[in-house]
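Worksheet: the structure to be examined is printed underneath.
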């Protein structure tokens, strides 16, 4: 799911992870990847799991939306730009 706001775009992005062992295993195989490096992850699903999800909030975008400021660069507390390393 995504939460979109005017003049900012995506504010929150979230999803629910796939918990079904067979689907994860089949997808790894479909992608042509070896199963061995993913056995530890597959074991988490093979021996039981619960549905789980999460989301990420763009804090600077939230401040941008709440404050009405036009440029996101004006709300970043510690901006980093190429060729600017004031240490």
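In the numbering used here, the protein residues as written are 4 to 90.
Virtual Cβ for every residue (Gly too), placed ideally from N, Cα, C.
The structure displayed is predicted, hence computed values, not measured ones.
Where the alpha helix (DSSP H) containing residue 21 begins and where it ends: Taking the chain shown and counting its residues from 1, one reaches residue 21 at position 18. Counting along the chain, residue 21 falls outside any alpha helix (DSSP H), and DSSP gives it neither H nor E.
Distance CB(residue 67)-CB(residue 78) smaller than 8 Å: Counted from its first residue, the chain shown places residue 67 at position 64. Counted from its first residue, the chain shown places residue 78 at position 75. In this structure, residue 67 places its C-beta atom within 8 Å of the C-beta atom of residue 78.
8 Å Cβ shell around residue 72 - same chain, five flanking residues per side excluded: Your numbering for residue 72 matches position 69 in the chain shown. The residues are 66, 78.
Beta-carbon spacing of residue 58, residue 17 below 8 Å: Counted from its first residue, the chain shown places residue 58 at position 55. Counted from its first residue, the chain shown places residue 17 at position 14. In this structure, residue 58 sits near residue 17, with a CB-CB distance shorter than 8 Å.
Among 39, 47, 81, the one whose alpha carbon lies nearest that of residue 21: By one-based count along the chain shown, residue 21 stands at place 18. Out of 39, 47, 81, 47 has the C-alpha closest to the C-alpha of residue 21.
Residue 57 - partner residues in DSSP beta bridges: For the purposes of this step, residue 57 is taken as residue 54 along the chain shown, with counting starting at 1. 18, per the DSSP bridge assignment.
Contact belief for residue 82 with residue 76 at Cβ below 8 Å, rounded distance in angstroms: Residue numbering aside, residue 82 sits at position 79 when the chain shown is read from its first letter. Residue numbering aside, residue 76 sits at position 73 when the chain shown is read from its first letter. The Cβ separation is near 6 Å, so the contact holds.
CB of residue 24 within 8 Å of CB of residue 49, strictly: As a working mapping, residue 24 is identified with position 21 in the chain shown. As a working mapping, residue 49 is identified with position 46 in the chain shown. Yes, Cβ-Cβ distance for residue 24 and residue 49 is below 8 Å.
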